[in-house]
Amino acid sequence: MDITPDGKWVVSGGGSIIAALSHEMTDEFDILVWHLNENEPLKTLKGHKDWVADVRILPDGKRVISAGHDKTIRVWDIKTGNCLKTFKGTNGEVRCMDVTCDGKTAISGSVNTLMIWNTETESDSIIDINAHKDAVMGIFMTSDKKHVFSAGNTDETVKIWDFSSGICLSNHYQEMKWISSVSVSPDCKTAISAGGAFHLVFWNTTNGECIDTLQGHSYPVQRAIFTPNGKYAISASLDKSIRLWNLELKKCIKTLEGHISELNCLCLIPGKNLLASGSDDGEIKIWNINTGQCQNTIKGHNGPVLDMKVLSKENTIISVSLDKHIKAWDVQSAKLLYTIQGHTNTINCLSLTLDDKFAVTGSLDNTLRVWDLNQQKIIAAFQTTNEICSITEMTSNGSFACGNYNGEVLFLSLRNVK
Numbered sequence: 021m022d023i024t025p026d027g028k029w030v031v032s033g034g035g036s037i038i039a040a041l042s043h044e045m046t047d048e049f050d051i052l053v054w055h056l057n058e059n060e061p062l063k064t065l066k067g068h069k070d071w072v073a074d075v076r077i078l079p080d081g082k083r084v085i086s087a088g089h090d091k092t093i094r095v096w097d098i099k100t101g102n103c104l105k106t107f108k109g110t111n112g113e114v115r116c117m118d119v120t121c122d123g124k125t126a127i128s129g130s131v132n133t134l135m136i137w138n139t140e141t142e143s144d145s146i147i148d149i150n151a152h153k154d155a156v157m158g159i160f161m162t163s164d165k166k167h168v169f170s171a172g173n174t175d176e177t178v179k180i181w182d183f184s185s186g187i188c189l190s191n192h193y194q195e196m197k198w199i200s201s202v203s204v205s206p207d208c209k210t211a212i213s214a215g216g217a218f219h220l221v222f223w224n225t226t227n228g229e230c231i232d233t234l235q236g237h238s239y240p241v242q243r244a245i246f247t248p249n250g251k252y253a254i255s256a257s258l259d260k261s262i263r264l265w266n267l268e269l270k271k272c273i274k275t276l277e278g279h280i281s282e283l284n285c286l287c288l289i290p291g292k293n294l295l296a297s298g299s300d301d302g303e304i305k306i307w308n309i310n311t312g313q314c315q316n317t318i319k320g321h322n323g324p325v326l327d328m329k330v331l332s333k334e335n336t337i338i339s340v341s342l343d344k345h346i347k348a349w350d351v352q353s354a355k356l357l358y359t360i361q362g363h364t365n366t367i368n369c370l371s372l373t374l375d376d377k378f379a380v381t382g383s384l385d386n387t388l389r390v391w392d393l394n395q396q397k398i399i400a401a402f403q404t405t406n407e408i409c410s411i412t413e414m415t416s417n418g419s420f421a422c423g424n425y426n427g428e429v430l431f432l433s434l435r436n437v438k
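If you're matching positions, the sequence shown starts at 21 in the numbering used here and goes up one per residue.
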């Protein structure tokens, strides 16, 4: 059911509760248009061949879009009752639907498929959300913001997606028991995969061929990243160590030790040759990459630190944890600046808008939440079908991708958040 922007009209599916109030015979396949002051429908829109699962009124107030179990999406003219467009191509009954604020795009959900529809034309872009067989533990957006790399945990595959269309471009098998992390070099030519095989795999992003395998860790590697110049890689392992790798020499040139628990995440601090690492004991350590020495230890989380990001214009680290809290820290003093609460379960991942004003967090409570960091409050929450476990960086217009424990990759946008 939906209401027109002027508040005068209601549109409902024939099988809805409001339709049951009508004295006329209605079909579950029909869409009914009502005036709020009348008890009988003024118009019946006929065309669906099965139950109408969802209806939305487009922002112009003149058109209705409907989703049906007949595997179609239909656009209707409210005034005439005519069907203007019919979209086909879903792989099952359409269960739910929503429309963007400008009315140009509709998103529908059916069995194992998320579809994006252009309401102005009859074209569509299918996003296969069952991207992997299980949890998408690693997800990464390339520096040019054109592609997303997703890593399936135990299916040992990395998939490359076109970010604008959501189409999977290639699929690469990586034999390493499981994959926990994927990262791409600044020039987008090389990727690192890390996981259960104790080593780092460097591979060509064009053809998927293995370039190098670097060994040194004694336990699985949780995270691996490139430095901004692309000459080095940094890895964090369950062996409680961090290793700095010279990619030209193809060897480990520095090992950072000091954590007493397994490592989960890494974060470079721009322009300062500093690195932050988060571990299972709730500590964050700040390292001088040149000397290999720990400069500071930040304590405050009551559970494992699972992800971190740095505000680009400030000496501030934002961290998330199993303790359900978002915390902001001063890098130099290690002092806690503020704590934000709201999630009801573990927060697995974090992303920041490019202006550092907003953070997006993904949680085991099946939500993505958007936070205003200046006011330290929630401004939006999105219910998801499964627990979120990974998230990419943002584009300039607030678009990003995330992965969940069901193997799904979701493509989302915050372009209307201000």
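We put the CB at the ideal spot given by N, CA and C, even for glycine.
Residue environment, Cys-116, which counts as buried when at least 16 other CB atoms sit within 10 Å: With fewer than 16 other Cβ atoms within 10 Å, it is exposed.
Three-state secondary structure (DSSP) of His-321: The answer is coil: DSSP assigns His-321 none of H, G, I, E or B.
CB-CB length for Asn-308 against Leu-294, believed under 8 Å: Separation of the CB atoms of Asn-308 and Leu-294 is rounded to 6 Å, and the pair is thereby assigned contact status at 8 Å.
Beta-carbon proximity list for Glu-200, same chain, < 8 Å, skipping 5 on both sides: Reading the sequence as shown, one finds Ser at residue 200 and not Glu. The beta carbon of Ser-200 is closer than 8 Å to those of Met-157, Gly-158, Ala-171, Asn-173, Ala-214, Gly-215, Gly-216, Pro-240, Val-241, Gln-242 and Arg-243 in its chain, skipping five residues each way along the sequence.
Start-end ranges of the beta strand (DSSP E) lying completely within the region 206-250, minimum 3 residues: Within the region 206-250, the complete beta strand (DSSP E) runs of at least 3 residues are 210-215, 219-224, 230-235 and 241-246.
When Ala-421, Asn-426 and Gly-427 are compared against Ser-433, the one with the closest alpha-carbon: Selected option, being the one with the closest Cα: Ala-421.
Secondary structure of Asn-481, DSSP reduced to three states: Here the chain has residues from 21 to 438 only, and residue 481 is not among them.
Ile-98 to Asp-74 span [Cα, whole Å]: About 16 Å.
Nearest residue (CA-CA) to Ser-339, options Leu-357, Thr-226 and Asn-417: Closest by alpha carbon: Leu-357.
Proximity winner among Gly-88, Arg-83, Phe-107 and Ile-306, relative to Thr-100 (alpha-carbon distances): Checked all of Gly-88, Arg-83, Phe-107 and Ile-306; the closest Cα to Thr-100 is Arg-83.
Residue burial classification, Ile-411 (beta-carbon count within 10 angstroms, cutoff 16): Under this definition Ile-411 is a buried residue.
Contacting residues, own chain, Cβ-Cβ under 6 Å from Ala-155 (five flanking each side not counted): Excluding sequence neighbours, Ala-155 sits near Asn-173, Cys-409 and Tyr-425.
DSSP bridge partner residues for Arg-83 (one or two, in chain order): Arg-83 is bridged to Asp-97.
When Asp-26, Gly-362, Leu-384 and Gly-298 are compared against Leu-78, the one with the closest alpha-carbon: Out of Asp-26, Gly-362, Leu-384 and Gly-298, Asp-26 has the C-alpha closest to the C-alpha of Leu-78.
Top-ranked residue by Cα proximity to Leu-52, from Asn-249, Glu-407, Val-72 and Val-31: The option with the nearest alpha carbon to Leu-52 is Val-31.
Under the three-state DSSP convention, the category Thr-174 falls into: Reduced to three states, the DSSP call for Thr-174 is coil.
Buried/exposed call for Cys-230, threshold 16 Cβ in 10 Å: Classification for Cys-230: exposed.
Coil, strand or helix - Thr-381 by DSSP: Strand at Thr-381.
Continuous beta strand (DSSP E) stretch holding Ile-309: start and end: Run containing Ile-309: none; DSSP gives neither H nor E here.
Candidates Lys-251, Ala-354 and Ile-367: closest to Ala-296 by CA position: Closest option to Ala-296, Cα to Cα, is Ala-354.
Rounded separation between Gln-395 and Leu-283 - CA only: Between the alpha carbons of Gln-395 and Leu-283 lies a gap of roughly 31 Å.
Segment contact flag, the region 326-338 with the region 360-379, C-beta cutoff 8 Å, min 3 pairs: Yes, the region 326-338 touches the region 360-379.
Where Glu-277 falls: helix, strand or coil (DSSP): In the structure shown, Glu-277 sits in a strand (DSSP, three-state: E or B).
Continuous beta strand (DSSP E) stretch holding Met-196: start and end: Neither: Met-196 is in no beta strand (DSSP E) and is coded neither H nor E.
Nonlocal neighbours in the same chain, by C-beta distance under 6 Å from Ile-398, ignoring five residues either side: Gly-362, Arg-389 and Trp-391, listed in sequence order.
Same chain, Cβ closer than 8 Å to Met-45, neighbours up to 5 away in sequence not counted: A caution first: Met-45 carries a pLDDT of 43, below 50, which makes its placement in the model unreliable, though a value can still be read off. Listed in chain order, the non-local C-beta contacts of Met-45 below 8 Å within the same chain number zero, local neighbours out to five positions each way being set aside.
Nearest residue (CA-CA) to His-345, options Phe-107, Asn-368, Phe-402 and Asn-335: Cα-wise, what sits closest to His-345 is Asn-368.
Nearest-angstrom Cβ-Cβ length linking Cys-188 and Trp-181, presumed shorter than 8 Å: Taking a contact as a CB-CB distance under 8 Å, the pair Cys-188 and Trp-181 counts as one, their CB atoms being some 6 Å apart.
Contacting residues, own chain, Cβ-Cβ under 6 Å from Ser-143 (five flanking each side not counted): With a pLDDT of only 48 at Ser-143, under the threshold of 50, the placement of this residue in the model should not be trusted; the figure read from the coordinates follows. Here the set comprises nothing.
Short CB-CB distance (under 8 Å) between Ser-185 and chain D: Absent here is chain D; the protein component of the structure consists of one chain.
Of the listed residues Thr-381, Met-414 and Thr-336, nearest to Phe-402 (C-alpha basis): Considering only alpha carbons, the answer is Thr-381.
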